[in-house]
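First to last, the sequence lines map onto chains F and P.
Mapping of the first sequence onto this note's numbering: position 35 corresponds to residue 35, and the numbering continues sequentially without gaps.
Position in the second sequence counted from 1, then plus 1000, gives you this note's numbering.
The beta carbon of each residue, even a glycine, is placed where N, CA and C say it ideally should be.
Note sheet for the following structure.
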Amino acid sequence: MNSKRILILGIGNLLWADEGFGVRCVEALNGGWVFPPQVTLIDGGTQGLYLLPYVQEADCLLVFDAVDYGDPAGTLREVVGDQVPRFMGAKKMSLHQTGFQEVLMAAELTGKLPAELVLIGVQPEELEDYGGSLRDVVKAQMVPALNLALDWLERWGAAGCLRDAAAGAAVAITDAALAIDVYEDERPTADQACRLGDARFLGQPAA
Amino acid sequence: MAAYETQGFKLDNSGKRVVVDPVCRIEGHLRVEVNLDDKNVIRNAVSTGTMWRGLEVILKGRDPRDAWAFTERICGVCTGTHALTSVRAVEDALKIQIPENANSIRNIMQLNLQVHDHLVHFYHLHALDWVDVVSALKADPKATSALAQSISSWPLSSPGYFRDIQNRLKKFVESGQLGPFMNGYWGSPAYKLPPEANLMAVAHYLEALDFQKEIVKVHTIFGGKNPHPNWLVGGVPCAINLEGVGAVGAVNMERLNLVKSIIDRSIEFTEQVYIPDLIAIAKFYKGWLYGGGLSSKNVMSYGDIPDKANDYSSANLMLPRGAVINGDLSKVHEVDLRDVEQVQEFVAHSWYKYPDESKGLHPWDGVTEPSFVLGPNTKGTKTNIKELDEGGKYSWIKAPRWRGHAMEVGPLARYIIGYAQGNKEFKEPVDALLKELDVPVTALFSTLGRTAARGLECGWAAHKMSYFFDKLMANLKAGDLNTANIEKWEPSTWPKEAKGVGFTEAPRGALGHWIKIKDTKIDNYQCVVPTTWNGGPRDHKGQIGAFEAALMDTPVAKADEPLEILRTLHSFDPCLACSTHVMSPDGQEMTSVKVR
């Protein structure tokens, strides 16, 4: 039996449209498959250092995220090994959200960087839609992204099985109110709640 | 803008303009612009939030019992605090009473978050504004050991230990991957510590990195999971079974013992590492007492940590509630979050529209109608602002005021209010610290004072966790295992309309959520977050906000390396973005500084 500890981590803020890609992928993976016990799936949200212990404990780390490669929207990329920290850089969050790159650096500084690193990233189309969900072009990449992840899990000796009736429904890793269908269905309409964002991001004058 | 005077500050924007954007490792969320006079002293400061958001946009029409899960996603570190504030707002609106055990557990979680946030803020985010990491390579490990042993009995202090740390650091620096240490202004003349103190701080940076992982386990134990623990309107979502075994299911004695051990280690680490480091560093910077801003004038705290459940009166809150205005410490004013005359938000200089912008609106009546209009003296374009015009609208943050006053919130505000009330839990440690540093009480009103108050509060919070742990255990052992009140869980039991307010003291300051519920759904939801208080812009009277005030009159050693500006802003532990997180292969930029 393979005892490599595997962490599948979805990161990003699901309140900001395509930024939720990582969390949605890990949510879907958790909902559709059953994995051996050495696999941990985590909705990492926008947490920085909180994620360090999970990362330090892993031998193999696979991260789903929205990544700005400057590609056309919806482009999926798989990044492996040393390239991962380099891709996890720029648009970091606020002071306390030290950013996931720094989590990796901290893991390295403490001598506990996972031996294998994989990043499955999608180029977002829309971020500046607070309360919005994944755009179609990004959502369409979820299945290919999940397939890439399932291949990695198989390679790491931890293949997933389709979740059937016998396995029962998954224990949600994201709160039920935030599950993608509920989140999308219950969104207030633009009439009820103004969705206008910052014109400098939207590229058009506001109001 | 002509030069003018407000709140005791003389504003003059005629000098060289320096733009720092973004301030907190985020792309375009918090930006400041300052004007320097010919001696490089800041004579005008402009703080702007460059990103729009409104939680009502997301929450309107949703189930109030779910609001916490959304608010938990606003931000990456205040997660638990927002969730707690949210469930309190709903409980207030629906008049739901929570069990004593739930109150104790919530307090332990909130205090735990304070300890974690303060420690991580000090070592991993703010220390690098005071500590020159690269200088640590020049330290003598033996002398570092002597220094460490002279200030604390913490056992990790041998010359060999510091030599190891130095070697690890050296390897890291030589690999060209500074990692967490990149983007520093290493070598700046604004750094004052000798190499040995720098090395000691780096060692403790690593130890704190290790220890912070332990602290958050408390959230997993009581919240069921991390990094996004579960919360519940009416109590806490964890059952307790003292006789149970194993890690699954109800919280049992084994789990509670782990909580106890984490609390004890938190006290130890704070008292033997954090506070001695703080004092050691402060001794080298006590000549640098800039950054006081509003702290010597107007400070406010909503209060938090109710001793008994369901009693939110000042007398029952262990973190003090009140407001001090015009520097009059002899009088602490009562703060009432329901009084529509007290907390109000103004938008004269914010990118929103009100029918009458000379008036403020209480959050229950809050209006969020964007109006992105730039002042006539703005340089650049709407999509690429080179220089803001603070005479016009210039921020996506509203300007909250308490009875018309701009207020500073946060650990320093809490300590000043506790001090003014004569509460010995706050006054005695402050007096002892001032004595140790041999500085007058006025030294408290500074960037360093803010940083020191956070450290003292970390110790306070660790001890209070212990208090609530004992209280919880006593209650459990007396046979009360109740953790939730679900009497009013069903919406059919709710009134047709209700409104409530929930408040907490987040690590970075006073946090309030105001909710209106109509026909069992959320009708309006407004958050006024600590960084709105501190980072807000001018109001209709031209009064400046806390960040702006704190930057005033500070000399900057090098205009293109504005370490002093970052140091002061970071001392507030600002959190604004709490939002996008997109990575790109090339950009590593922390701060772009533009000197114009």
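Distance from the Cα of Tyr1467(P) is smallest, within the candidate group Lys1499(P), Met1407(P), Asn1107(P) and Lys1379(P), for Asn1107(P). The three-state secondary structure of Met1407(P), taken from DSSP, is coil. Under the DSSP definition of a beta bridge, Tyr130(F) partners with Trp16(F). Scanning the region 1447-1511 of chain P from its first residue to its last, the whole beta strand (DSSP E) runs of 3-plus residues come out as 1497-1506. In the three-state reduction of the DSSP assignment, Ser1150(P) falls in the helix class.
Pairing Trp1364(P) with Glu126(F), the inter-Cα distance amounts to about 31 Å.
Neighbours of Thr110(F) across chain P, judged by C-beta separation under 8 Å: Leu1206, Leu1209 and Asp1210. In summary, the residues of the region 160-186 of chain F whose CB is separated from some CB of chain P by less than 7 Å are Asp175, Ala177, Leu178 and Glu186, in the order they occur in the chain. No Cβ of chain F is located within less than 7 Å of the beta carbon of Gly1160(P). Put simply, the region 1375-1387 of chain P does not touch the region 1518-1534 of chain P. Fewer than three CB pairs are less than 8 Å apart. Sequence-distant Cβ neighbours of His1333(P) in its own chain, meaning closer than 7 Å and more than five residues away, are Gly1322, Ala1323 and Ile1325. Put simply, of Gly1360(P), Pro1495(P), Gly1327(P) and Thr1144(P) the residue whose alpha carbon is nearest the alpha carbon of Asp1339(P) is Gly1360(P).
When C-alpha distances from Gly1449(P) are compared across Val1430(P), Thr1493(P) and Val1373(P), the shortest belongs to Val1430(P).
Taking every protein chain shown into account, the CB of Gln1149(P) has fewer than 16 other CB atoms within 10 angstroms, so this residue is exposed. Taking 9 Å as the cut-off between beta carbons, the residues of the region 1055-1075 of chain P near chain F are Leu1055, Glu1056, Val1057, Ile1058, Leu1059, Lys1060, Gly1061, Arg1062, Asp1063, Arg1065, Asp1066, Ala1067, Trp1068, Ala1069, Phe1070, Glu1072, Arg1073, Ile1074 and Cys1075, in sequence order. Under DSSP, the beta-bridge partners assigned to Ile8(F) are Leu41(F) and Leu62(F).
Asn147(F) sits exposed, since fewer than 16 C-beta atoms from the chains shown fall within 10 Å of its C-beta. A Cβ of chain F is located within less than 7 Å of the beta carbon of Pro1227(P). With the criterion set as a beta carbon lying under 8 Å from some beta carbon of chain F, the members of the region 1110-1137 of chain P are Asp1117, Val1120, His1121, His1124 and Leu1125, in sequence order. By the rule that beta-carbons nearer than 7 Å mark a contact, Ala28(F) does not touch chain P. Here DSSP, grouped into helix, strand and coil, assigns Ile1215(P) to helix. By the C-beta density criterion, Val143(F) is exposed, having fewer than 16 other C-beta atoms within 10 angstroms. In the displayed model, Ile1165(P) falls within a helix according to three-state DSSP. Nearest C-alpha to Gly32(F) among Gly132(F), Asn13(F), Ala149(F) and Val118(F): Ala149(F).
Nearest neighbour of Gln123(F) by Cα position, chosen from Asp129(F), Arg135(F), Leu162(F) and Cys60(F), turns out to be Arg135(F). For the region 1084-1125 of chain P, the full-length alpha helix (DSSP H) segments reaching 4 residues or more read 1100-1120 along the chain. The Cβ of Gly45(F) sits closer than 7 Å to at least one Cβ of chain P. Phe1346(P) sits in a strand when the DSSP states are folded into three classes. Interface annotation for the region 44-63 of chain F against chain P: Gly44, Gly45, Thr46, Gln47, Gly48, Leu49, Tyr50, Leu51, Leu52 and Pro53, criterion Cβ-Cβ distance under 7 Å. Contact between Ala1190(P) and Ala1557(P) holds: their C-beta atoms lie close to 5 Å from each other, under 8 Å. Between the alpha carbons of Ser1350(P) and His1121(P) lies a distance of about 29 Å.
Rounded to the nearest whole angstrom, the C-alpha separation of Glu1268(P) and Asp1066(P) is 37 Å.
Look at Arg1567(P) here: in three-state DSSP terms it is helix. Contact annotation: Glu1100(P) and Asn1475(P) have beta-carbon atoms nearer than 7 Å. Secondary structure at Glu1072(P): coil, using DSSP grouped into helix, strand and coil. Apart from sequence neighbours up to five positions away, the residues of its chain that approach Glu1214(P) with a beta-carbon distance below 6 Å are Ile1262, ordered along the chain.
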